[in-house]
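First to last, the protein sequences are chains A and B.
For reference, each letter of the first sequence is one residue, going 0 to 467 in numbering that gives the first Met the number 0.
For reference, each letter of the second sequence is one residue, going 0 to 467 in numbering that gives the first Met the number 0.
Ideal Cβ positions, reconstructed from N, Cα and C, are used throughout, including at glycine.
There are 2 protein chains.
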Amino acid sequence: MNPLELTPDDFRRLAHRVSTLAEQWLAELDSRAIAPAITGRDTEALFAEGLPEEGLKDGALDALGPVMAGARAGNARFLGYVLGSGEPVGALGDYLASVLNQNVTAWRSSPTMVSLERAVVRGLAAAVGCPGFTGSLTGGGSSANLMGLTMAREAKAPANEEGSPSGVVYASTEVHMSIPKALALLGLGRRNLRLIPTDAEWRMRPEALERAITEDVAAGRRPLAIVATAGTVNTGAVDPLKEVAAIARRHGLWMHVDGAFGALAAMAVPERFEGLALADSLSMDAHKWLYQPVDCGVLLYRDATAARRAFSFSGDYVRTMSADAVEGFAFFDESLELSRRARALKPWLSVRYHGLRAFREAIRKDLENASRLAELVRAEPELELLAPVPLSAVCFRYVAGLAEPERDAFNTRLMARLNARGRVYLSNATLSGRFALRACFVNHRTTAEDVQTVVAEVLATAKELQGA
Amino acid sequence: MNPLELTPDDFRRLAHRVSTLAEQWLAELDSRAIAPAITGRDTEALFAEGLPEEGLKDGALDALGPVMAGARAGNARFLGYVLGSGEPVGALGDYLASVLNQNVTAWRSSPTMVSLERAVVRGLAAAVGCPGFTGSLTGGGSSANLMGLTMAREAKAPANEEGSPSGVVYASTEVHMSIPKALALLGLGRRNLRLIPTDAEWRMRPEALERAITEDVAAGRRPLAIVATAGTVNTGAVDPLKEVAAIARRHGLWMHVDGAFGALAAMAVPERFEGLALADSLSMDAHKWLYQPVDCGVLLYRDATAARRAFSFSGDYVRTMSADAVEGFAFFDESLELSRRARALKPWLSVRYHGLRAFREAIRKDLENASRLAELVRAEPELELLAPVPLSAVCFRYVAGLAEPERDAFNTRLMARLNARGRVYLSNATLSGRFALRACFVNHRTTAEDVQTVVAEVLATAKELQGA
């Protein structure tokens, strides 16, 4: 008997118990407080005893109760950050991925899973209007953006072999933190990220981009890449992709689109993403607007050769031994990862179950819910809408009876209290130095009634804080 | 009704069906052919129709049969690469992680999961003899090694802000491909990785390391870091960690240990890893020698400040708002990731169920099985052992009736045919230019009988190839 023996009966019993917990979690999601009432001291105490020397057998599962009680319940009224709602069929795909324990390094290691992932990538690329793009699934947008910029650097100013890379990357002032982080990691330096000003709707201004590039060239610096954002994290702004692409082409620069938040919405409203297919590389997160459980990022690119130039450097022990294009395929030649979980099984199962049409509808509903919230805010004198709503992020604040200098502090307290009440969860953004409450709809469970609850809860929380 | 509606009954029915598939997979694992008899054309054809516009509902699960039939069955006789055997309680932890859909960015986002992951990291650090180290779980060894070297670069020659990094990194000729890949990515350049020769047992030679550093310093170059390997991928060699650490200290260099394959064996045989705790950073893969399903890498480090210096660069919308050390904690300040799956749930549940003692025993059994295979090879005149077996990788080849120049080609064919027979799965290594069959034991299911089957299958395959 092996030391980690688990009989078929053991597995069946444990799987049944975990499935029951999963069913309960989903059934009770709507009635749970989103943010658990728990302190850091409480959560550390739960695990203070460390990992046990002797196994607890079935008793090990007893501790799952407190773990779940202190977890965040992402129900219909969780509207913080940009986090998808965890479609449960996708979760079942993940379950099977872990049991099968396929390592999706190369076709040789997991034949069907490699073809399945390639098919998911092709299918999603086609769905967002980028047919012919290939790529791979990643841990998330940060990895996908890092990989896109690695490709850009190697395409425009190769440094893999000699090191000492240099060059300038352009993005709007609304750029996601993962982009400066990638520049730092790649040895390009955060100071070589030019932050281009935006227009009144938080979109990169093409003429300012053009000017910045021209100035850098004149100063003897080397422009490498432009990062356009398709759905800024603050307000959901989509940079003018066609104009940016034209500038990139004119100057011979790589165009990466950070579509982690927004790009999958091109499935539903392609007209808002005109020019998306002009990108050289494109990141988008299926764990955001395709509602999949984390982690499920996607990196797409036009030219697999550029990915192999950036990432192919295989040790002998993983070198594939086939001349066949499929059987010789290795994701590690096009990725920074070697071992890779079968991430594609979840979107594959989830999309096959519901169909692409249902996902398009869910995205449209999110867009409607965001518009609905914006209208309710506009109609409510105690609230102020702080930005346009081009996709599904809504920035607003409470203003009634507050002078401008008091508003930031009050809304900061309001958000904390609102989230602690547990019925609604919002996050925040800073827009022109002002603190904004921010609701982001990438949640297939949210209804029109939930949107009304957001407004009601914000108003009730304000009353509570004002002692009314 | 939302467009992705799934009722509690739907979920229960689908979960039951997926659990049944999981049970079948595990029950039939031992009788399945490890490498499926399938071609690239077959696997591509399975997914040729793309993602469906209309949902197939329960029919979507019908396609799981062919997916599973064409997957690799990692049973007791799968001994390729370095891939753990997928402990099923861990898989159930993954299942729950996906249903709960926690995003382990920061305590604020998932209070219990953040504390749980910190506890798992602390517990594993203590278990391998590195108490007090902190860190995080990663997608795998490639990411963990990349992060360790990012910390090294920022500690010794900061480039996050200004770019243009330079410096030299040292590792043995047996270094894993993820290290040169990390140097390329970080802008240090692969040519600035010095490959230090090894001794007869494939361990880095400290005097050669010392000499290389001295030469680089004399030539005006800047040494940054030494990567010691605790378990080389070819033969499982453990570099002399204490000696390497002394050299690192003397020259003021960062010491990273790539323990992706081996370091977790320090739980069972700490005497083979003397000096491990002298590392500044250490990677190890729980999806290797802790038998967890992929992905489950671990990065440990002595000083969290160094991690924050390398990775902290937070955008406003994720900035935490607590002064409390636990409640203000954010993994993204110490990692290249932002969105993060609750990876820790699997080792936590798996270790609680079985207990650390059972894992120590399983590791000892792997070591015994490797020794057993080495003995059988030594005792078998038709086979030749090609390297010592310090951990659990065994390199050997078929030699009977073959002149030296014929051996590489014959063993290459032998491996392909052996794996195609489906009963045993080995991978390969190149040692001093010679092709070796390689069996690696990180598999809790392998028995002494399975080890005998490896030899029997190799001999039978050789007969088959020789037409005997």
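Closer than 8 Å: is that where the CB of Leu382 (chain A) sits relative to any heavy atom of the ligand MG? The ligand content of the structure shown is nil, which means the ligand MG is not present either.
Taking Ala118 (chain A) as the reference, give the member of B:Val66, B:Ser114, B:Ile246 with the closest Cα. Residue numbering aside, residue 118 (chain A) sits at position 119 when the first sequence is read from its first letter. Ranking B:Val66, B:Ser114, B:Ile246 by Cα distance to Ala118 (chain A) puts B:Val66 first.
Go ahead and pull the three-state DSSP assignment for Asp315 (chain B). Counted from its first residue, the second sequence places residue 315 (chain B) at position 316. The predicted position of Asp315 (chain B) is uncertain, since its pLDDT is 49 and thus under 50; a value taken from the coordinates is nonetheless stated next. Asp315 (chain B): helix per DSSP, three-state reduction.
Cβ closer than 7 Å: which chain B residues qualify as neighbours of Arg356 (chain A)? Position 357 of the first sequence holds residue 356 (chain A). By Cβ distance, chain B contributes Glu52, Glu53.
Along the chain, where does the beta strand (DSSP E) that runs through Arg253 (chain A) open and close? Position 254 of the first sequence, counted from the first residue, corresponds to residue 253 (chain A). It should be noted that the sequence gives Trp, not Arg, for residue 253 (chain A). Trp253 (chain A): member of the beta strand (DSSP E) spanning 253-257, first to last residue.
Can you tell me which residues form a DSSP beta bridge with Ser431 (chain A)? Taking the first residue of the first sequence as 1, we reach residue 431 (chain A) at position 432. Answer is none; Ser431 (chain A) lacks a bridge partner.
Out of B:Ala14, B:Gly466, B:Arg202, B:Ala126, which has the shortest C-alpha to C-alpha gap to Asp57 (chain B)? Position 58 of the second sequence holds residue 57 (chain B). The option with the nearest alpha carbon to Asp57 (chain B) is B:Ala14.
Give a yes or no on whether the minimum CB-CB distance between Thr197 (chain A) and chain B is below 9 Å. In the first sequence, the residue the question calls residue 197 (chain A) occupies position 198. No, its Cβ sits nowhere closer than 9 Å to a Cβ of chain B.
If you follow the alpha helix (DSSP H) that Thr42 (chain A) is in, where does it begin and where does it stop? Position 43 of the first sequence, counted from the first residue, corresponds to residue 42 (chain A). Thr42 (chain A) -> alpha helix (DSSP H) spans 39-45.
Rounded to the nearest angstrom, what separates Gly296 (chain A) and Leu136 (chain A) at their Cα positions? Numbered from 1 along the first sequence, position 297 holds the residue referred to as residue 296 (chain A). Numbered from 1 along the first sequence, position 137 holds the residue referred to as residue 136 (chain A). When only Cα atoms are considered, Gly296 (chain A) and Leu136 (chain A) end up about 5 Å apart.
Distance, Arg422 (chain A) Cα to Pro387 (chain A) Cα: The residue you call residue 387 (chain A) lines up with position 388 of the first sequence. The residue you call residue 422 (chain A) lines up with position 423 of the first sequence. Distance from the CA atom of Pro387 (chain A) to the CA atom of Arg422 (chain A), rounded to whole angstroms, is 26 Å.
Keeping to the same chain, check which residues put their C-beta closer than 8 Å to that of Thr42 (chain B); ignore five residues upstream and five downstream. Position 43 of the second sequence, counting from 1, holds the residue named residue 42 (chain B). So the list reads Gly69, once near-sequence residues are dropped.
What does DSSP give as the partner residue(s) for Thr137 (chain A) in the beta ladder? On the first sequence, position 138 is the one that residue 137 (chain A) refers to. Its beta-bridge partners are A:Gly296.
Does the Cβ of Val81 (chain A) have 16 or more other Cβ atoms within 10 Å, making it buried, or fewer, making it exposed? Numbered from 1 along the first sequence, position 82 holds the residue referred to as residue 81 (chain A). Under this definition Val81 (chain A) is a buried residue.
Own chain partners of Pro205 (chain A) with C-beta closer than 7 Å, once the 5 adjacent residues on each side are dropped: Here residue 205 (chain A) corresponds to residue number 206 of the first sequence, with the count starting at 1. Here the set comprises Pro239, Glu242, Val243, Ile246.
Where DSSP assigns a beta bridge to Tyr397 (chain B), which residues make up the other side? Locating residue 397 (chain B) in the second sequence gives position 398, where the first residue counts as 1. BP columns for Tyr397 (chain B) point to B:Leu382.
DSSP beta-bridge partners of Val237 (chain B): As a working note, residue 237 (chain B) is residue 238 in the second sequence. According to the DSSP secondary-structure assignment, Val237 (chain B) is paired through a beta bridge with B:Ala229.
In chain B, which residues lie with their C-beta within 7 Å of the C-beta of Asn102 (chain A)? Counting from 1 along the first sequence, the entry for residue 102 (chain A) is found at position 103. Neighbours of Asn102 (chain A) in chain B, taken as residues whose beta carbon is under 7 Å from its own, are Leu82, Val293 in chain order.
Nearest neighbour of Thr6 (chain A), chosen from B:Arg12, B:Glu27, B:Arg11, B:Asn1 [CA to CA]: Indexing the first sequence from 1 puts residue 6 (chain A) at position 7. Among B:Arg12, B:Glu27, B:Arg11, B:Asn1, the Cα nearest to that of Thr6 (chain A) is on B:Glu27.
Within 10 angstroms of its Cβ, does Lys180 (chain B) collect 16 or more other Cβ (buried), or is it exposed? The residue given as residue 180 (chain B) occupies position 181 in the second sequence. With 16 or more Cβ atoms within 10 Å of its Cβ, Lys180 (chain B) is classed as buried.
Would you say the stretch 320-335 of chain A touches the stretch 157-173 of chain A, given that touching needs at least three Cβ pairs under 8 Å? Cβ pair count under 8 Å is below three, so no.
For Val17 (chain A), return the contacting residues in chain B, with the cut-off set at a CB-CB distance below 7 Å. What you label residue 17 (chain A) is simply residue 18 of the first sequence in a count that begins at 1. Chain B residues near Val17 (chain A): Leu91, Tyr94, Leu95.
Return the Cβ separation of Arg351 (chain A) and Val103 (chain A) in integer angstroms, given the expectation that the two are a contact with Cβ distance under 8 Å. The count along the first sequence starts at 1 and reaches residue 351 (chain A) at position 352. The count along the first sequence starts at 1 and reaches residue 103 (chain A) at position 104. Not a contact, Cβ separation roughly 18 Å.
Got a sec, what are the start and stop residues for the beta strand (DSSP E) Ser97 (chain B) sits in? In the second sequence, counting from the first residue as 1, residue 97 (chain B) sits at position 98. Premise fails: Ser97 (chain B) lies in the alpha helix (DSSP H), 87-99, not in any beta strand (DSSP E).
Any idea what DSSP makes of Ala224 (chain A), helix, strand or coil? Indexing the first sequence from 1 puts residue 224 (chain A) at position 225. In this structure, Ala224 (chain A) counts as strand in the three-state DSSP scheme.
Counting along the chain, where does the alpha helix (DSSP H) carrying Ser280 (chain B) start and finish? The residue given as residue 280 (chain B) occupies position 281 in the second sequence. Run containing Ser280 (chain B): none in the alpha helix (DSSP H); it sits in the beta strand (DSSP E), 280-284.
Rounded straight-line distance, which links the Cα of Leu185 (chain A) to that of Gly453 (chain A): One-based indexing of the first sequence puts residue 453 (chain A) at position 454. One-based indexing of the first sequence puts residue 185 (chain A) at position 186. Per the sequence shown, the amino acid found at residue 453 (chain A) is Val instead of Gly. Each residue's Cα considered, the two are about 41 Å apart.
From the DSSP output, in three-state form, read off Arg469 (chain B) for me. Nothing can be reported for residue 469 (chain B), as the shown portion of chain B is limited to 0 through 467.
Does DSSP classify Val81 (chain A) as helix, strand or coil? As a first step, residue 81 (chain A) must be located in the first sequence, where it is residue number 82. Note: Val81 (chain A) maps to coil in three-state DSSP.
Run through chain A and tell me which residues come within less than 8 Å of Asn191 (chain B), C-beta to C-beta. For the purposes of this step, residue 191 (chain B) is taken as residue 192 along the second sequence, with counting starting at 1. Scanning chain A for C-beta atoms nearer than 8 Å to the C-beta of Asn191 (chain B) yields Gly162, reported in chain order.
To the nearest angstrom, report how far apart Leu277 (chain B) and Ala154 (chain B) are at their CA atoms. One-based indexing of the second sequence puts residue 277 (chain B) at position 278. One-based indexing of the second sequence puts residue 154 (chain B) at position 155. Linking Leu277 (chain B) to Ala154 (chain B) through their CA atoms gives a straight-line distance of about 16 Å.
Is any beta-carbon of chain A found at less than 9 Å from that of Val88 (chain B)? Along the second sequence, one-based indexing puts residue 88 (chain B) at 89. Yes, contact with chain A.
Residues within the stretch 109-125 of chain B neighbouring chain A, beta-carbon criterion of under 8 Å: Those residues of the stretch 109-125 of chain B that come within reach of chain A (Cβ to Cβ, closer than 8 Å) are Ser109, Pro110, Thr111, Met112, Val113, Ser114, Leu115, Arg117, Ala118, Val119, Arg121, Gly122, Leu123, Ala125.
Below-9 Å beta-carbon distance, Leu194 (chain A) vs any chain B residue: The residue given as residue 194 (chain A) occupies position 195 in the first sequence. No, its Cβ sits nowhere closer than 9 Å to a Cβ of chain B.
Check whether the stretch 144-153 of chain A and the stretch 279-293 of chain A are in contact - that is, three or more C-beta pairs closer than 8 Å. Taking a cut-off of 8 Å for Cβ pairs, the stretch 144-153 of chain A and the stretch 279-293 of chain A touch, as three or more such pairs fall below it.
Rounded separation between Ala378 (chain B) and Thr460 (chain B) - CA only: Within the second sequence, residue 378 (chain B) is the residue found at index 379, counting from 1. Within the second sequence, residue 460 (chain B) is the residue found at index 461, counting from 1. Their Cα atoms are separated by approximately 18 Å.
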